[in-house]
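Numbering (mature numbering (1 follows the signal peptide of the UniProt record, and there is no 0)), first residue to last: -24 to -1, 1 to 203. Backbone N, C-alpha and C define an ideal beta-carbon position, used for all residues, glycine too. These notes concern the structure reproduced below.
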Ligand SMILES: *[C@@H]1O[C@H](CO)[C@@H](O)[C@H](O)[C@H]1NC(C)=O
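If you want it as structure tokens, here you go:
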């Protein structure tokens, strides 16, 4: 008579193998050219849909009291690419590729900055007591604090390309009409109708970076007349 144990241990082995596989499987995030994202590069986070009502991402004030740290909004001008970011791991020692569903930091990379210079350019979820039900995504994050950790996830049900969304353990980054000409402002939400679908465009060399920086400076003057 056959003991049931070989079968059970076989099943357990199978399950462990499956778990190990899923865990060890790092699916790399790809840019608009299909090249894996690297922590050494800089990228523009662009709305997937060119018909969406906003352009690239900019740091803007989203609340009056306090005004700082700045929040993040899509440009009200669709054609503007916004400011580039870099992705990194909170505890990584080496430069590496960016994988899906792993905690990463997102940091704006720009010298053109509209104010609140005392805050970092890392993204964070607003956890202040005044945070609303759909808390704002702010700058001023800290690399090793949980509310500055985001994940990049593939949006599976998109046909014709790779669409990504940015998530945290408690929600997905979506957009709501913001204070600047209703330009979409980034918030954390559970409402899938608000999900901000994005693609990552690698910024090539210094020329592109310089161009988008000077464009931002012009826009910055327009958005912050007091400067
Ligand atoms: C989303 O739902 C989860 C589970 O109900 C909750 O813990 C979390 O706070 C919600 N997040 C937002 C941004 O509403």
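Indicate the three-state DSSP secondary structure (helix, strand or coil) for residue 124 in the structure shown. The residue labelled residue 124 in the question sits at position 148 within the chain shown. In the structure shown, residue 124 sits in a helix (DSSP, three-state: H, G or I).
Burial state of residue 167, where buried means 16 or more other Cβ atoms lie within 10 Å: On the chain shown, position 191 is the one that residue 167 refers to. So residue 167 ends up on the exposed side.
Counting along the chain, where does the beta strand (DSSP E) carrying residue 163 start and finish? In the chain shown, residue 163 corresponds to position 187, counting from 1. 160 to 165 is the extent of the beta strand (DSSP E) around residue 163.
With a threshold of 6 Å on Cβ separation, who are the neighbours of residue 172 within its own chain once the five nearest residues in sequence on each side are excluded? The residue you call residue 172 lines up with position 196 of the chain shown. If we look at residue 172 and ignore the five residues flanking it on each side, its Cβ neighbours are 149, 150, 151.
On the DSSP bridge list, what partners appear for residue 178? On the chain shown, residue 178 is found 202 positions in, with the first residue counted as 1. Beta-bridge pairing links residue 178 to 19.
Which same chain residues end up closer than 7 Å to residue 177 when comparing Cβ atoms and leaving out the 5 residues on each side of it in sequence? Counted from its first residue, the chain shown places residue 177 at position 201. Excluding residues within five positions, the ones whose Cβ falls inside 7 Å are 7, 8, 19, 20, 22.
According to DSSP, is residue 146 part of a helix, a strand, or is it coil? Walking along the chain shown from the start, residue 146 turns up at place 170. Coil, per DSSP.
When you measure from the CB of residue 162 to every non-hydrogen atom of ligand 3, does any distance come out below 7 Å? Among the ligands modelled here, namely ligand 1, ligand 3 does not occur.
If you drop the 5 nearest sequence neighbours on each side, which residues of the same chain put their C-beta closer than 7 Å to that of residue 45? Here residue 45 refers to the residue found at position 69 of the chain shown. Excluding sequence neighbours, residue 45 sits near 92, 95, 114, 115, 116.
Rounded to the nearest angstrom, what separates residue 138 and residue 32 at their Cα positions? Translated into positions along the chain shown, residue 138 becomes position 162. Translated into positions along the chain shown, residue 32 becomes position 56. Their Cα atoms are separated by approximately 18 Å.
Between residue 120 and the rest of its own chain, which residues show a CB-CB distance below 6 Å, the 5 nearest in sequence each way excluded? For the purposes of this step, residue 120 is identified with residue 144 of the chain shown, where counting begins at 1. Hits under 6 Å: 66.
My understanding is that residue 73 touches residue 13, with C-beta atoms under 8 Å, so please give their C-beta distance in whole angstroms. The sequence position of residue 73 within the chain shown is 97, counting from 1. The sequence position of residue 13 within the chain shown is 37, counting from 1. Residue 73 to residue 13, Cβ: 7 Å. Contact.
Ligand 1 and residue 8: does the residue's C-beta get closer than 7 Å to at least one heavy atom of that ligand? For the purposes of this step, residue 8 is taken as the residue at position 32 of the chain shown. No.
Tell me which residues share the same chain as residue 68 and place their Cβ nearer than 8 Å to its Cβ, disregarding the 5 neighbours each side in the sequence. Start at 1 with the first residue of the chain shown, and residue 68 comes out as number 92. Closer than 8 Å at Cβ, skipping near neighbours: 15.
Is residue 72 near ligand 1, going by C-beta to nearest heavy atom under 7 Å? As a position in the chain shown, residue 72 is number 96, starting the count at 1. Residue 72: no, Cβ never under 7 Å from ligand 1.
Assign residue 144 to one of two classes, buried (16 or more other C-beta atoms within 10 Å of its C-beta) or exposed (fewer than that). Along the chain shown, one-based indexing puts residue 144 at 168. By the 10 Å Cβ count, residue 144 comes out buried.
In this structure, how does DSSP classify residue 39 when only helix, strand and coil are distinguished? The residue labelled residue 39 in the question sits at position 63 within the chain shown. Residue state, collapsed to three classes: coil.
Straight-line CA distance for residue 55 to residue 180? Translated into the one-based positions of the chain shown, residue 55 becomes position 79. Translated into the one-based positions of the chain shown, residue 180 becomes position 204. Computed Cα separation, rounded: 18 Å.
Among 124, 57, 51, 158, which one has its Cα closest to the Cα of residue 83? As a first step, residue 83 must be located in the chain shown, where it is residue number 107. It is 124.
is_contact[residue 10, chain D] using C-beta, thresh 8 Å: No chain D is part of this structure, which consists of one protein chain only.
Contacting residues, own chain, Cβ-Cβ under 6 Å from residue 25 (five flanking each side not counted): Your numbering for residue 25 matches position 49 in the chain shown. None.
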